[in-house]
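Numbering (the numbering used here) for the sequence shown: 4 to 306.
Glycine is no exception: its CB is placed at the ideal position from the N, C-alpha and C atoms.
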Amino acid sequence: MGWGAWGCAAAAGGPDLAPDGQGAPGPLLAAQSPRPGRRLRAHHRRRTSIGRALARGSSPGGGARKIVLWGRTEKCLREATQEVQAMGTEGHYFICDVANREEVYRQAKAVREKVGDVTILVNNAAVVHGKTLLDSDDHALLKSQHINTLGQFWTTKAFLPRMLELQRGHIVCLNSILALSAIPGAVDYCTSKASSFAFMESLTLGLLDCPGVNATTVLPFHTSTEMFQGIRIRFPSLFPPLKPEMVARRTVEAVQQNQAFLLLPWSMHILIFLKSIFPQAALDEIHRFAGSYQCMNTFKGRT
């Protein structure tokens, strides 16, 4: 199961871009085509089904004419690009590790030169180590921060300036509800998602006076992907995992409506409200009763 982890991508010349990332879906980018009436979107996807669902939702029916994929694994990128092309959308892919700042800048330039200007960027690349702090390897902790948080810095810096020039653009972050309510056993992931949320909150406020450029942050509950496979909560019938297709559809709708923040499902608003008024001792009992404090004990997802 995945807690809303996606990746980062860039697109140009009217296409959509869907990068493969480091194992989870990546960011979605949509760019303005040099020709009127065509938009370019970029997706950064990983091997989970969320990225594919987002790519499908950004195909012609979702307004995209081209899709550009970024990621580290060429085989996965090629397969995803072929799937997009089979739906009648022009697809491209570029090998890129979003944790590598210089590589992001270099490939962003290549996208602009070969495909066009990107006007929608969706950051969704993410990894999870799935261990406590003392059981975590230092390299794994750094990897989570570089991919989940800093990668968004580099992709946004690479594409936002042109969006501001065009006065047309959208930065999208596929985050996680764990950015607002952490759990034990995922210290790296929760920390990186909280940092990512703060980044997007600040960015969203900074864009208020920038005409035509907006930002959307999506915070889903756990999703049926391989990323958080094995986790267990006490009442799965009351809190079922989200379907990737639903998360993708709601993300596209949020972008179309210029919605700044989207929590999925709606009941997550109740969790945030309770956290703001209840003392920590009461929250601890609620989480213990729901089994969320033990859910990572059976974790066997992909890092």
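- prompt: With distances taken between CB atoms, is the gap from V101 to A189 smaller than 8 Å?
  reply: As a position in the sequence shown, residue 101 is number 98, starting the count at 1. As a position in the sequence shown, residue 189 is number 186, starting the count at 1. No. Outside cutoff.
- request: If I'm right that V221 touches T254 with Cβ under 8 Å, what's the distance once you round it to whole angstroms?
  value: On the sequence shown, position 218 is the one that residue 221 refers to. On the sequence shown, position 251 is the one that residue 254 refers to. Sure, about 5 Å apart at Cβ, within 8 Å.
- prompt: With a Cβ-Cβ cutoff of 8 Å, do A251 and I53 count as a contact?
  reply: Translated into positions along the sequence shown, residue 251 becomes position 248. Translated into positions along the sequence shown, residue 53 becomes position 50. By the CB criterion at 8 Å, A251 and I53 fall inside the cutoff.
- request: Given a cut-off of 8 Å, decide if L177 and V125 are closer than it, judged by their beta-carbon atoms.
  value: As a first step, residue 125 must be located in the sequence shown, where it is residue number 122. As a first step, residue 177 must be located in the sequence shown, where it is residue number 174. Yes, these two residues count as a Cβ contact at 8 Å.
query: Is P282 buried or exposed, if buried means 16 or more other CB atoms sit within 10 Å of its CB?
result: Indexing the sequence shown from 1 puts residue 282 at position 279. By the neighbour-count rule (16 or more Cβ atoms within 10 Å), P282 is not buried but exposed.
- request: Find the nearest neighbour of V114 within the set R104, R81, Y96, judged by alpha-carbon distance.
  value: As a first step, residue 114 must be located in the sequence shown, where it is residue number 111. Closest option to V114, Cα to Cα, is Y96.
message: Quick check on this structure: which residue in H290, F302, W269 has the alpha carbon closest to the alpha carbon of F238?
response: The residue given as residue 238 occupies position 235 in the sequence shown. Looking at the Cα atoms, H290 is the closest of the given residues.
field: Opening and closing residue of the alpha helix (DSSP H) in which I275 lies
entry: Residue mapping note: residue 275 aligns to position 272 of the sequence shown, counting from 1. Its alpha helix (DSSP H) spans residues 271-280.
query: Between S279, L277, P247, Y192, which lies nearest to L136 when the distance is taken from Cα to Cα?
result: For the purposes of this step, residue 136 is identified with residue 133 of the sequence shown, where counting begins at 1. It is Y192 whose Cα lies nearest to the Cα of L136.
- prompt: So is D140 in contact with chain B if we call contact Cβ pairs under 8 Å?
  reply: Given the protein chain composition of this structure (a single chain), no chain B is represented.
query: In three-state DSSP terms, what is T301?
result: One-based indexing of the sequence shown puts residue 301 at position 298. Helix, per DSSP.
message: For a test of the three-state rule: what should DSSP assign to N217, helix, strand or coil?
response: If you number the sequence shown from 1, residue 217 lands on position 214. Three-state DSSP puts N217 in a strand.
C-alpha gap between L211 and S199, whole angstroms: As a working note, residue 211 is residue 208 in the sequence shown. As a working note, residue 199 is residue 196 in the sequence shown. Going from the Cα of L211 to the Cα of S199 covers about 19 Å.
message: My assumption, with CB atoms under 8 Å, is that I186 sits in contact with M299. Please give the rounded CB distance.
response: Along the sequence shown, one-based indexing puts residue 186 at 183. Along the sequence shown, one-based indexing puts residue 299 at 296. Confirmed, Cβ separation roughly 6 Å.
field: S179 versus T159 - alpha carbon distance
entry: The sequence position of residue 179 within the sequence shown is 176, counting from 1. The sequence position of residue 159 within the sequence shown is 156, counting from 1. Between S179 and T159, the C-alpha separation is close to 19 Å.
message: Less than 8 Å between the beta carbons of T122 and G172, yes or no?
response: On the sequence shown, residue 122 is found 119 positions in, with the first residue counted as 1. On the sequence shown, residue 172 is found 169 positions in, with the first residue counted as 1. Taking 8 Å as the Cβ cut-off, T122 and G172 qualify as a contacting pair.
- prompt: Going straight from the alpha carbon of K134 to that of S184, what length do you get?
  reply: For this step, residue 134 is matched to residue 131 along the sequence shown. For this step, residue 184 is matched to residue 181 along the sequence shown. Taking C-alpha positions only, K134 is separated from S184 by approximately 17 Å.
- prompt: Beta carbon of L267, beta carbon of F224: below 8 Å?
  reply: As a position in the sequence shown, residue 267 is number 264, starting the count at 1. As a position in the sequence shown, residue 224 is number 221, starting the count at 1. Yes, they are a contact pair.
message: Our contact map puts C99 next to V87 with C-beta atoms below 8 Å; I'd like the distance itself, whole angstroms only.
response: Indexing the sequence shown from 1 puts residue 99 at position 96. Indexing the sequence shown from 1 puts residue 87 at position 84. So it is not a contact: roughly 17 Å between Cβ atoms.
message: Less than 8 Å between the beta carbons of K278 and L265, yes or no?
response: Against the sequence shown, residue 278 aligns to sequence position 275. Against the sequence shown, residue 265 aligns to sequence position 262. No, the Cβ-Cβ distance between K278 and L265 is not below 8 Å.
Residues that DSSP places opposite L267 in a beta bridge: Residue numbering aside, residue 267 sits at position 264 when the sequence shown is read from its first letter. The partner list for L267 (beta bridge, DSSP) reads P223.
query: Quick one: Cα of P247 to Cα of K112, how far?
result: Position 244 of the sequence shown, counted from the start, is the residue given in the question as residue 247. Position 109 of the sequence shown, counted from the start, is the residue given in the question as residue 112. Cα to Cα, P247 sits roughly 31 Å from K112.
task: Determine, using beta carbons only, whether G154 and A182 come nearer to each other than 8 Å.
output: Numbered from its first residue, the sequence shown carries residue 154 at position 151. Numbered from its first residue, the sequence shown carries residue 182 at position 179. For G154 and A182, no; Cβs fall outside 8 Å.
message: Can you tell me where the beta strand (DSSP E) holding G74 begins and where it ends?
response: Translated into the one-based positions of the sequence shown, residue 74 becomes position 71. It spans 69-74 - the beta strand (DSSP E) in which G74 sits, taken as one unbroken run.
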